[in-house]
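Trainee:
In the numbering used here, the protein residues as written are 14 to 174.
1) Between which two residues does the alpha helix (DSSP H) holding residue 172 run?
2) With a Cβ-Cβ cutoff of 8 Å, do residue 100 and residue 161 count as a contact?
3) Could you give the residue range of the alpha helix (DSSP H) that holds residue 147?
4) Hey, is the region 39-50 in contact with the region 146-165, meaning 3+ C-beta pairs nearer than 8 Å?
5) Specify, as a first and last residue, the run of the alpha helix (DSSP H) that residue 12 falls within.
6) Counting pairs of beta carbons, one from the region 110-130 and one from the region 52-72, are three or more of them closer than 8 Å?
7) Could you have a look at residue 69 and say whether DSSP puts it in helix, strand or coil?
8) By DSSP, does residue 129 sit in helix, in strand, or in coil?
9) Taking contact to mean at least 3 C-beta pairs separated by less than 8 Å, is the region 138-157 in contact with the region 53-60?
10) How would you label residue 86, buried or exposed, when you count the other beta carbons within 10 angstroms and need 16 or more for buried?
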């Protein structure tokens with residue numbers, strides 16, 4: 014078991030955060046954005062950045078080559094659908110995608126939007142970690158959290174149709 018600090022400041026103790034989220038044991042702030050037979054998408058629970066989506070497999074696997082053929086098709090279709098909604102309803106022009114196989118969670122992809130305010134931390138992938146930490150430590154105010162929650166609603170409504 015390990016302790017995970019959520020963006021709202023709550024600390025949860027879980028073996029695998031992704032398993033806890035995809036199974037419904039932990040409800041992400043704002044709820045599930047979209048769910049398929051194989052994947053679960055939600056606002057990142059650790060960083061309050063508008064439109065920062067985590068796409069996690071429901072099955073506990075660690076890497077791409079463990080995906081079944083059906084999961085591969087589902088993954089690219091849902092990833093594409095989410096990205097289109099980010100652009101159309103949130104106006105997000107650029108996204109960084111991250112996936113790593115040495116994570117303590119299971120297979121998931123981070124869809125990190127790029128906003129103008131982030132460029133003060135740099136313009137490369139190296140700037141993402143400082144951006145995330147800034148969001149966690151400095152952006153938990155009521156105004157930003159409300160914007161994040163509104164974005165979740167907008168994405169959920171767009172993807173529900």
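All C-beta atoms in this analysis are idealised placements derived from N, C-alpha and C, irrespective of residue type, glycine included. Bear in mind the structure is a predicted one, so any value in this text is a computation, not a measurement.
Mentor: According to the structure data:
1) 155-173
2) no
3) 141-151
4) yes
5) Nothing about residue 12 can be reported from this structure: the residues present for the chain run from 14 to 174 only.
6) yes
7) strand
8) helix
9) yes
10) exposed
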